[in-house]
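> Take this structure, written in C-alpha cells, and hold onto it; I'll ask about it next.
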Ligand SMILES: Nc1ncnc2c1ncn2[C@@H]1O[C@H](COP(=O)(O)OP(=O)(O)OP(=O)(O)O)[C@@H](O)[C@H]1O
Ligand SMILES: [Mg+2]
C-alpha cells in the first residue's frame, strides 16, 4: 500500500487525515513542520505528501520546490485555508498535483488521494515504456573502423568496473557511449546518475556530489543526498569533468581512493560503491600541464580511455547516420541530389553528430517528400543553431567553419558599417533565423517575436527573404 506523509502544523489536521487514510489501508507518517517532513522523505520511501501551505520555519511553497527537485517521483497535494487559496493555485502551477481547502471533506481527501496515486502509477509505467523504447534511440550507429573499434572497447570495458574516460569534441556521442557502457555492465539494472560538472557553479559542486547535512551552510535547510550516494551500486557519469574546480577534484580523488565519503557538515562515513565514467571535450593532459587539472585524478579516471573521433574523420558514417535520424523524425521520403550528398561528406561538421541530427530534423520538417540540393542544405545549415550561434562547440569549431563554403549570414565587418546598414543587416539575419525556427510561417513567427504579421510581411518583402521551403518561394504555409 502507498505511503503517505502529512506535513501540517495543526495537530487536529494531522490526526484527522491520518485516521481517514489509514482506514483506507494507506500507511501514514506525519510531521509538524517542513524540515521534519523533508527528513522523513530523506529516510523513507514516500509516495504522496499532503502539504500545508502555511507552515512555520520553512514555508510550504519552498518545501514544494525542494520536493519537486529532490523527489520528482513524489506527488504533492497542498492543503490551504480559505484565505490562501491563491497560494494553493500557485503551488499547483509549480507542480503540486492538486489542492484541498480547509475544512477538509472526507470524500475529497479520498478522491484526490486516489487520483494522485493513479497518475503517479501511470507516470511511472510511461517512464518505463519510454526507457524500453529509448533503447533503440540509444543505439550507436556507424560502420566505420573507428566506430567498430569503439563498440569493441565498450564491450570489453563494460564487463569490468574499470574507470573510463571518454574524450571527444562536442556532439561526438560521449554521453551515448557512457550510457552504452552502463547498459552493457553488471550494473545495468541499477541507477545511471549523471552530473554535468560544467553546469554547476563551483560553490555548489561539492554539495551536489557529496550531499550535505542540515546546517552545513546557510541554505542547507535540510539534509540532502549527493550524487555519489544516489549512484550507490550503479554508475556515476561525471560529464565535463575538465570543468570541475580543483577543490572538488581533490575530494573526488579521495572518494575514489577510499571508496567512502562524508556529506558536507556530516560526521558519518558513508560507503560508496560506484563505477565512474567521466567525459570531457578538453585535453586533460594539457589541463594537467597548465595546473588546472590534478594529474593524480587524471591517472585514476583514465584507466580505459575512449576517444571519440570527430564526424569529419569518419565521413563514411554520415549517410547511415542521416538516414537513421531522418527515419526517426519522419523525413525518410526526402530525396538528395548528388550535390547535396557531396556537400554532406565534405562539410566539416563543427557540431559533429548533434549538428547532423539537428539538420535531419530541419530536413524532415521542410523537405519530406521533396528533393533537396546543395543550396537548400547550405541554407538549412546556416539556420542551424549549432552553426549560426557558434556556441557550445569546441575550439575546432572556428577552424571547421572557416574552411567550409558556408558564409556567415551576418557580415563579418558588422561593426565597421554605418548605423543603418548594421541595423538592417542584423534585422535581416534575425528575421531569417526566427522564420526558420517557425517553419517559415509568418503568423507564427510574428507572434513568437512580438510584432504584427503585416509588419513582418513588409519586412520579408523589403529584405527579399526567401525561407528555404520546398517550393523555393516564401515558405509561407498559413
Ligand atoms: N554514433 C551515433 N549514433 C547515433 N546517434 C549518435 C551517435 N553519436 C551521437 N549521436 C547522437 O548525437 C547527439 C549528441 O550526442 P551526445 O550528447 O552523446 O554527445 P556529447 O559528446 O556528449 O556532446 P557534448 O560534448 O556536447 O555534451 C545525441 O542525440 C546522440 O544520441
Ligand atoms: Mg555530453
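Residue numbers (our numbering): 28 to 505. Just so it is clear, CB atoms sit at the ideal spot from N, CA and C, and this is done for glycine as well. Every value quoted in this text rests on a predicted model; they were computed, and no experiment measured them.
#1: Just verifying my parser: in three-state terms, what is the DSSP assignment at residue 47?
#2: DSSP state of residue 249, grouped into three classes?
#3: Do residue 191 and residue 333 count as a contact pair if the criterion is CB distance below 8 Å?
#4: Tell me, to the nearest whole angstrom, how far the beta carbon of residue 197 is from that of residue 378; I am working on the premise that it is less than 8 Å.
#5: Between which two residues does the alpha helix (DSSP H) harbouring residue 230 extend?
#6: Relative to the C-alpha of residue 256, which residue among 40, 221, 213 and 363 is closest?
#7: Based on the DSSP secondary-structure assignment, which residues constitute the bridge partners of residue 114?
#8: Taking 6 Å as the limit, name every residue whose beta carbon sits nearer than that to some heavy atom of ligand 2, in sequence order.
#9: Do you know how far the Cα of residue 267 is from the Cα of residue 286?
#10: Quick one: which unbroken alpha helix (DSSP H) runs of 4-plus residues sit fully inside the region 153-219? Chain order, please.
#11: Within its chain, find whatever has a CB closer than 8 Å to the CB of residue 83; leave out the 5 residues flanking it on each side and keep chain order.
#12: Leaving out the 5 sequence neighbours to the left and right, which residues in its chain are closer than 6 Å to residue 362 when beta-carbon positions are compared?
#13: To the nearest angstrom, how far is it from the Cα of residue 68 to the Cα of residue 79?
#14: Going by DSSP, what residue range makes up the alpha helix (DSSP H) through residue 593?
#15: Can the beta-carbon of residue 275 be found closer than 8 Å to that of residue 205?
#16: Would the C-beta of residue 227 count as close to ligand 1, meaning under 7 Å from any of its heavy atoms?
#17: Does the beta-carbon of residue 343 have 16 or more other beta-carbons within 10 angstroms, so that it is buried, or is it exposed?
#18: Quick one: what does DSSP say residue 288 is sitting in, helix, strand or coil?
#19: Between which two residues does the alpha helix (DSSP H) harbouring residue 488 extend?
#20: Taking 7 Å as the cut-off, is the C-beta of residue 197 nearer than that to any heavy atom in ligand 1?
#21: Relative to the C-alpha of residue 483, which residue among 473, 492 and 490 is closest?
#22: Are the beta-carbon atoms of residue 133 and residue 47 separated by less than 8 Å?
#23: Give me the Cα-Cα distance between residue 216 and residue 210, rounded to the nearest whole angstrom.
#24: In three-state DSSP terms, what is residue 472?
#25: Please list the terminal residues of the continuous alpha helix (DSSP H) segment that includes residue 54.
#26: Quick check: residue 391 and residue 357, are their CB atoms within less than 8 Å of each other?
#27: Run the CB neighbour count on residue 288, radius 10 Å, all protein chains shown included, and call it buried at 16 or more, exposed below.
#28: Excluding sequence positions up to five away, which residues of its chain have a Cβ less than 7 Å from the Cβ of residue 65?
#29: Just to confirm, are residue 314 and residue 242 a CB contact at a threshold of 8 Å?
#30: Are the CB atoms of residue 199 and residue 337 nearer to each other than 8 Å?
#31: Does DSSP classify residue 42 as helix, strand or coil?
#32: Taking the alpha-carbon positions, what's the residue 103 to residue 77 distance?
#33: Have a look at 321, 331 and 277 and flag the residue whose alpha-carbon is nearest the alpha-carbon of residue 187.
#34: With distances taken from CA atoms, which of 400, 177 and 107 is nearest residue 370?
#35: What are the partner residues of residue 389, as DSSP defines its beta bridges?
#36: What residue from 156, 100, 182 and 486 has the CA that sits closest to residue 143's CA?
According to the data block:
#1: helix
#2: Reduced to three states, the DSSP call for residue 249 is coil.
#3: yes
#4: 6 Å
#5: 229-237
#6: 221
#7: Bridge partners of residue 114: none, in fact.
#8: 201, 202 and 266
#9: 22 Å
#10: 172-185 and 201-210
#11: Closer than 8 Å at the Cβ level, and outside the excluded window around residue 83, lie 36 and 60.
#12: 398
#13: 16 Å
#14: Because the chain spans 28 through 505 in this model, residue 593 falls outside it and cannot be assessed.
#15: Here residue 275 is not near residue 205, since their CB atoms are 8 Å or more apart.
#16: Result no, Cβ not under 7 Å from ligand 1.
#17: exposed
#18: strand
#19: Start and end: 480-489.
#20: yes
#21: 473
#22: Taking a C-beta distance under 8 Å as the contact criterion, residue 133 and residue 47 qualify as a contact pair.
#23: 8 Å
#24: helix
#25: Note, residue 54: premise wrong, no alpha helix (DSSP H); beta strand (DSSP E) at 54-58.
#26: yes
#27: That one is buried.
#28: Close CB contacts of residue 65 within its chain, under the 7 Å cut and outside five residues either way in sequence, are with 90, 93 and 249 (chain order).
#29: Judged by beta-carbon spacing, residue 242 lies beyond the 8 Å limit of residue 314, meaning their Cβ atoms are not closer than that value.
#30: yes
#31: helix
#32: 6 Å
#33: 331
#34: 400
#35: None, per the DSSP bridge assignment.
#36: Per the Cα distances, 100.
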